[in-house]
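Chains as they are written, first to last, in this note's numbering: chain R, 1 to 103; chain B, 1001 to 1334; chain E, 2001 to 2163; chain S, 3001 to 3119.
Glycine residues also receive a C-beta, built at the ideal position from the N, C-alpha and C atoms.
I have placed the structure first, in the form of structure tokens, so that the comments after it can refer back to it.
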Amino acid sequence: MPVGLTHYLVVSVLLFCLGLYAMLTRRNAVAILMGIELMLNAANINLVAFNKFVAPAALSGQVFALVVITLAACEAGVGLALVMAAYRNLETIHVDEINVMKW
Amino acid sequence: MEVNWPIEIARAVGLAVTVFTFLAVVAAMLGVLLERKIGGWIQSRLGPKHVGRQGLLQTVADTIKLLQKEHITPQAADAVIFNSAPLIVAVAGLLDWIVIPFGVVHIGGTAIPLVVRDLNIGVLFFAAMASLTVVGILAGGFASNNKYSLLGGLRSASQMISYELPLATALIAVAMQAGTLSTVGIVKAQDGWFGSFAFSQFPAFVIFLIAATAEVNRVPFDLPEAESELVAGYFSEYTGMRFALFQLGEYAEMFAMAALATTLFLGGWKGPVLPGLVWFLIKMYAVVFFLMWTRWTFPRLRLDQLLNLSWKVLLPAGLIWILLTGFAITFLAK
Amino acid sequence: MGEQAAFIILSIITLASAVVVVNSNNVVRAALALVPTFLGVTGLYIMLQAEFVAGIQVLIYAGAITVLILFVIMLTEGGTGLRIRQRNEQAPLGLLTAAALAAILISVLTRTEWPKSTATLPQYTASAIGNTFLTNSVLAFEVSSLVLLISLMGAIIIARREK
Amino acid sequence: MLLVDWLYVGIFVIVGAIMAALPLGIVWVLSPRLALPQKRMTYESGVVPFGQAWAQFNVRYYLFGLIFVIFDVEVIYLYPWAIVFRQLGKFAFVEMLIFLVILMIGLAYAWRKGALEWA
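Spelled out as structure tokens, the structure:
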């Protein structure tokens, strides 16, 4: 059986769900951001795989993968800046302890 | 085109072994010897003198010594990461060489460049592999769990990431003029002595040399290792052959930078009379000599000077040079 | 044969190191395990003949974002976090959610008939991507520079200590 | 052939790792092993180590990392542009001019805000 679109999609689903799991259960904000990076990578695998198997001539899948990588870098930059700010002001980076806005 | 997979795999393994041996012998062992000899010459002393004729076998003896040294993993270290960090650095140093064209052979009228693989994204591949070294160094610094190593690793990482960008701008300026990212294509785009990009891309050449020196952590940019204040920085805790692997990776990287400078700016294998491979080696060793010369001539910079040089001088200069090159090619070329 | 083997090896590298990222109690190990994950994904891109995206993946994810994450771990926690509880109370629930989502998505994906195309990718993807960025996707290209500028400004403002 | 190219890269990774690990194996066979607790102590210039290695580091490391990530991403747009702008003429040059000017504003902002100062 040659490696087809579905195979890549399954790998990407598994990667996405691992990222989701990290996001839902981790206490450390940096680890949550790592989970988000995994999810974005899974999305990128999807984009590139669809590009190859469904519409190879247009290349828009790869172009959008690059845009997603850009956004991932920005997200990491701003997200980690927030972590630093939280650590400076509250001296913790565990999200369940950051609850000053909780009512 | 039909591909004969077993033959390709055998060729790949053979080439990998060859290149690795070349790096271990020519880059690391001969490189260290050259470094010590040139250092001695510049400082009016003799350098290694006793092992073999004129100390030629000094590094061979050193290697044999290192092979017998005990491996010590510090109690506080994270053993898995501690042991894999030198491997990452050494393998990243090896991968750089895939895209370096050594020369050209003529078989039945067709010219075949002597390169492991002429990848489409050649220059980008080189930059990507060079950026992997940072991870290895940071991992080594973290895993040692030692104050010197950690500080050295962090400093090293912040220095390497600072100089990666000027390096990339220099690569892009060359790729713009050549119109391709493939290293073989870039060499082919340079014709004759004055057609080499060292002339038309002179600012990029200068930026590249400075950034490459910093990227491989050499004096005057050797703060992360600074023997006299950080006791060798991120590899303080490494003993024996693991230390040698870091050293191998570092020299492989330095020779790779010299080889890339040769390829991008000095016309690669091109030259009259002598065969291409010889020209390539002459040019590469000339750049290596230049790097060693600076090492033994200049004092070490301060950290703030080092970062200022990268962010406030080289990066803006590189970006402006890219725009100027683009302007010249778009509007002034016929 | 070779293709399947390569695909299986790369998937295993990706997913196994992703499990370490998700599961390790040592935050530094989790961050370093991101590197093989990203490199495995790079391998998958190469199998999908997206070599330019693959190069960028190594350059940005493995070479830049990982380094930034490691810096932040260094600057905040002040340790590997081994002695601190790393999971919150909803861990079983989270596991259940993720597993359920994976099951649903996989069952949907394997049943769907995807449209097939017989066209081939351009030989030289880097220049084709350049062409697309400068002609059809020019808006995405310019907007991404704005996004970069704004996130740079925002992150500097957030991260710097107020004087 | 694209996949052949990358087969070489993959094999270089594997063979490189094996050949780099080989001397470590030789050492494992040859080297003496004498476990003394002092040997496995963290090296601190001969003084008995104290405290954790994890000191608090300066926030500036993060700022440089951040600016690096942003400009590294900018570079990914420069690579494809560099090899095609010749064919696309003036339009492509102007597009990149706008792109780079916007990013240089970012660099100037970081400079002005003192994010590029180490002191």
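- Under the DSSP definition of a beta bridge, histidine 1106 of chain B partners with B:Ala1111.
- Taking a C-beta cut-off of 9 Å against chain E, the contacting residues of the stretch 3073-3100 of chain S are Val3073, Glu3074, Val3075, Ile3076, Tyr3077, Tyr3079, Pro3080, Trp3081, Ala3082, Ile3083, Val3084, Phe3085, Gln3087, Leu3088, Phe3091, Ala3092, Glu3095, Met3096, Ile3098, Phe3099 and Leu3100, listed in chain order.
- Neighbours of leucine 3103 of chain S across chain E, judged by C-beta separation under 8 Å: Ser2145, Leu2148 and Leu2149.
- In the structure shown, the three-state DSSP call for histidine 94 of chain R is strand.
- Close to glycine 2055 of chain E, with beta-carbon spacing below 7 Å, are these residues of chain B in chain order: Ile1121, Leu1124, Phe1125 and Ala1128.
- In the three-state reduction of the DSSP assignment, asparagine 28 of chain R falls in the strand class, which pools E and B.
- Within chain S, the C-beta atoms nearer than 7 Å to that of threonine 70 of chain R come from Val3073, in chain order.
- With the rule of 3 Cβ pairs closer than 8 Å, the stretch 3101-3119 of chain S counts as touching the stretch 1295-1305 of chain B.
- Taking all protein chains in view, the Cβ of proline 1113 of chain B is crowded by 16 or more other Cβ atoms within 10 Å, so the residue is classified as buried.
- The CB of valine 2067 of chain E comes closer than 7 Å to the CB of Gly3065 in chain S, given here in chain order.
- Leaving aside the five residues that flank alanine 29 of chain R on each side, the residues in its chain whose CB is nearer than 6 Å to its CB run, in chain order, Val83, Ile93 and Val95.
- Counting of Cβ neighbours within 10 angstroms places phenylalanine 1327 of chain B among the exposed residues, the total staying below 16.
- An exposed status is given to arginine 3112 of chain S, since fewer than 16 other beta-carbon atoms sit within 10 Å of its beta-carbon.
- Residues of chain S whose Cβ lies closer than 9 Å to the Cβ of isoleucine 1329 of chain B are, in chain order, Phe3085, Arg3086 and Phe3093.
- Neighbours of tryptophan 3006 of chain S in chain E, taken as residues at a C-beta separation under 9 Å, are given in chain order as Gly2043, Ile2046, Met2047, Glu2051 and Ala2054.
- The beta carbon of isoleucine 1322 of chain B sits closer than 8 Å to those of Thr1169, Ile1172, Ala1173 and Met1176, all from its chain and outside the five residues before and after it, given in chain order.
- For leucine 66 of chain R, the C-beta contacts it makes with chain S under 7 Å involve Ile3076, in order along the chain.
- Sequence-distant Cβ neighbours of alanine 1111 of chain B in its own chain, meaning closer than 6 Å and more than five residues away, are Val1104.
- Around the beta carbon of serine 2117 of chain E, a 10 Å sphere encloses fewer than 16 other beta carbons of the protein chains shown; the residue is thus reported as exposed.
- Separation of the CB atoms of methionine 3096 of chain S and tryptophan 3081 of chain S is rounded to 5 Å, and the pair is thereby assigned contact status at 8 Å.
- The three-state reading of DSSP puts arginine 3033 of chain S in coil, since its state is none of H, G, I, E or B.
- Beyond the five residues adjoining it in sequence on each side, phenylalanine 1126 of chain B comes within less than 7 Å, by CB distance, of Asp1096, Val1099 and Leu1260 in the same chain, given in chain order.
- Annotated as distal: isoleucine 1161 of chain B and leucine 1314 of chain B, with beta-carbon spacing of 8 Å or more.
- For valine 2138 of chain E, the C-beta contacts it makes with chain S under 8 Å involve Glu3095, in order along the chain.
- With fewer than 16 other Cβ atoms from the protein chains shown falling within 10 Å of its own Cβ, isoleucine 2104 of chain E counts as exposed.
- For glutamate 1008 of chain B, the enclosing alpha helix (DSSP H) has its first and last residue at 1005-1022.
- Between tryptophan 1321 of chain B and chain S, the shortest Cβ-Cβ separation is not below 8 Å.
- For proline 1272 of chain B, no alpha helix (DSSP H) segment is defined, and its DSSP state is neither H nor E.
- Of all C-beta pairs linking the stretch 1054-1061 of chain B to the stretch 3021-3028 of chain S, fewer than three are shorter than 8 Å, placing the two stretches out of contact.
- Taking C-beta separations shorter than 7 Å and ignoring five residues to either side along the sequence, the partners of asparagine 46 of chain R in its chain run Leu9 and Ser12, following chain order.
- Taking leucine 1066 of chain B as the centre and dropping the five residues before and after it, the same chain places the C-beta of Gly1240, Met1241 and Ala1244 closer than 6 Å to its C-beta, in chain order.
- For isoleucine 1064 of chain B, the enclosing alpha helix (DSSP H) has its first and last residue at 1058-1067.
- Of the candidates B:Asn1217, B:Glu1253 and B:Tyr1285, the residue whose Cα lies closest to the Cα of arginine 1295 of chain B is B:Asn1217.
- Apart from sequence neighbours up to five positions away, the residues of its chain that approach alanine 1204 of chain B with a beta-carbon distance below 7 Å are Ala1170, Ala1173, Val1174 and Trp1321, ordered along the chain.
- With a threshold of 8 Å between beta carbons, tyrosine 3109 of chain S makes no contact with chain R.
- The C-beta of isoleucine 3070 of chain S comes closer than 8 Å to at least one C-beta of chain E.
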